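J.: This is the structure, below, for whatever I ask next.
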Amino acid sequence: MNNEEKVTCGALHGLTLVTMDETRRIIKNAGILWEDDRIKMIGSSTEIIKFAEERNIESQDCSGKIAFPGLVNTHTHLYQNLLKGLGTDTALESWWHKVIAPAGIHLKHSHLAAAVAGGAIEAVRSGVTTIVDYMQVHPIPNLSDSEITVMRDIGVRLVYGRGFRTTGRDSGFPAELIEQTQNVFSDVLRLKERFEKPDQMTNIWLAPAGAWALSLESLQETSEFSRQYDIPVMMHMYETDTDEIVCRKKYNTSALDYFINSGLLTNRLLAVHCVKTGEEEFKMFQKYGVQVSHNPVSNMYLASGVAPVPKMHQAGLTVSLGTDGAASNNCNDLLEVIKTTALLQKVHLIDPLAMTAQRVLEMATIDAAKCIGMEKEIGSLEVGKKADFFIVNPYRCARMCPVHDPVASLVYSGGNRAVEKVMINGRVVLNNGNFVKVDEEKVLVDEQQKANELVVQAGYFS
Ligand SMILES: [Zn+2]
640 MNNEEKVTCG ALHGLTLVTM DETRRIIKNA GILWEDDRIK MIGSSTEIIK
690 FAEERNIESQ DCSGKIAFPG LVNTHTHLYQ NLLKGLGTDT ALESWWHKVI
740 APAGIHLKHS HLAAAVAGGA IEAVRSGVTT IVDYMQVHPI PNLSDSEITV
790 MRDIGVRLVY GRGFRTTGRD SGFPAELIEQ TQNVFSDVLR LKERFEKPDQ
840 MTNIWLAPAG AWALSLESLQ ETSEFSRQYD IPVMMHMYET DTDEIVCRKK
890 YNTSALDYFI NSGLLTNRLL AVHCVKTGEE EFKMFQKYGV QVSHNPVSNM
940 YLASGVAPVP KMHQAGLTVS LGTDGAASNN CNDLLEVIKT TALLQKVHLI
990 DPLAMTAQRV LEMATIDAAK CIGMEKEIGS LEVGKKADFF IVNPYRCARM
1040 CPVHDPVASL VYSGGNRAVE KVMINGRVVL NNGNFVKVDE EKVLVDEQQK
1090 ANELVVQAGY FS
């Protein structure tokens, strides 16, 4: 165990705190003090220094630096980290068959562990402290365990979506990646038992792939299981017109009616993408309390379209941000997603006010926390909440200097180089720009080796 792990309390002062609390306070010349996993005090630098001194707690001078609540990436597929660049210039449907399925069949524990470590490192460098990962493919038993163990070791908060699909044989989808719902449910209960702890570093969710991947019966069973055990669900919805086309063809109904009939629409659902949505969908989402994850870089990469996010906001929906997998992005950088979210809506609606810097930062912090039911624990800098935050040092990063408005600076000029320190659950994960518990270069070398191995096994270049 190194020194950083032993530290259970600490303080920082001289900061600008972007709290994202109820009144969105930005406090200058301020400090933050944590004990164990929680924020114990927020105050002026003088107050923090005095309080820390009295209790013999070390307080570090952070003059000129800015603290933000940890960002929450509400949608990615970390295993796809090994596939970066392979989906170049393809559309969603062929991308699945050409890129994802061949790799999915051959995925082993060692591949997944390498992909997850690389993806987590990349995410933390962009200020992410919580990742909602949608692990789609399970060609061998207990694959999930490798991912969750790696995330716990690195110290990144994880909402793990145990992905599955139950149909697809008739359209040539590999049988190795099709599962029975009852097996998936047992696995979910096993994972909850093994990994969900009071520290809330790991939460297990259900992740049915999409309307095109499950029969109505399977989805109904999933909804019932979710209700019975109070397990939230994440699902790809309305990414393209496919949901609508499939539901019309298979069930002679609209996608919306299919979702309603399946019992899926509840406040336990995080609907991912929602590009092809309108007033009818918003009304039902609002009625049932459904949350949304918006993934603009992926939607642009796969040319899926522009999700009507301002209209979702007007309808009262809570919308968060996701990178989506590295095979359709091609990275796990949430700062890039934040900037893209604002710019895309502005140019799409020809309105510079369509998405403000403040609004988009809310989506990546407090609104994201609401989307995963953790708004009482994370998403803002407030006393009593988890000590999940990151420190930005503009003097490490020319593109961020000078700073006048810290929110605008992060959203439009922010970059990984500026992220100097990342705290998760009261533990320092990144310090002075270096990872505390992992050798970053070793992780990346391993990631490259495992990626090389996987692409050969999957036959990409044969
Ligand atoms: Zn996805």
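Using the working numbering, read the sequence shown as starting at 640 and increasing by one per residue.
We treat Cβ as the ideally placed atom computed from N, Cα and C, and that holds for glycine.
No experiment lies behind these values; they were computed from the predicted model shown.
1. D963: beta carbon under 6 Å from a heavy atom of ligand 1?
2. Please list, in chain order, all residues of the same chain as L858 whose beta carbon is under 7 Å from its beta carbon, the five residues on each side excluded.
3. Out of L651, F924, D838, T979, which has the shortest C-alpha to C-alpha gap to V945?
4. So D772 is in the beta strand (DSSP E); what residue range does that whole segment cover?
5. On the three-state DSSP scale, how would you describe Q1088?
6. For T715 versus N971, is the C-beta distance shorter than 7 Å?
7. Between which residues of its own chain and Q984 is the CB-CB distance below 7 Å, once the five residues before and five after are set aside?
8. Which same chain residues, not among the five before or five after A1057, have their C-beta less than 7 Å away from its C-beta?
9. Could you give the DSSP three-state label for H933: helix, strand or coil?
10. Could you tell me if N1071 is buried or exposed, where buried requires 16 or more neighbouring beta carbons within 10 angstroms of its beta carbon?
11. How many angstroms separate the CA atom of M876 from the CA atom of V931?
12. Using a Cβ-Cβ cutoff of less than 6 Å, which residues in the same chain neighbour N641 once the five nearest sequence positions on both sides are dropped?
13. Need the endpoints of the beta strand (DSSP E) that P847 sits in, please.
14. What do you get for E644, buried or exposed, if any count of 16 or more other CB atoms within 10 angstroms of its CB means buried?
15. In the structure shown, what three-state DSSP assignment does S698 receive?
16. Could you spell out where the beta strand (DSSP E) holding S959 opens and where it closes?
17. Three or more C-beta pairs closer than 8 Å, one from the stretch 752-763 and one from the stretch 788-800: is that the case here?
18. Given that a residue counts as buried once 16 or more other Cβ atoms are within 10 Å of its Cβ, and exposed if not, what is N822?
19. Look at the alpha carbon of V1050 and the alpha carbon of D676, and state the distance between them as a whole number of angstroms.
20. Got a sec, what are the start and stop residues for the alpha helix (DSSP H) G743 sits in?
T.: According to the structure shown:
1. yes
2. P847, S901, L903
3. T979
4. Annotation: the continuous beta strand (DSSP E) that includes D772 extends over 767-774.
5. helix
6. yes
7. For Q984, where only same-chain residues beyond five positions count, the Cβ hits under 7 Å are V948, P949, A993, M994.
8. Around A1057: V1031, N1032, P1033, R1035, C1036, M1039.
9. Per DSSP, reduced to three states, the secondary structure at H933 is strand.
10. exposed
11. 9 Å
12. For N641, the predicted structure reports a pLDDT of 44, less than 50, and the residue's modelled location is therefore unreliable. The matter cannot be settled from this model.
13. 841-847
14. Because the pLDDT of E644 is 49, which lies under 50, any placement of that residue in the model is unreliable, and the question is left without a value.
15. strand
16. 958-960
17. Yes, they touch.
18. Residue environment: N822 is assigned as exposed (fewer than 16 neighbouring CB atoms within 10 Å of its CB, all protein chains considered).
19. 27 Å
20. 740-745
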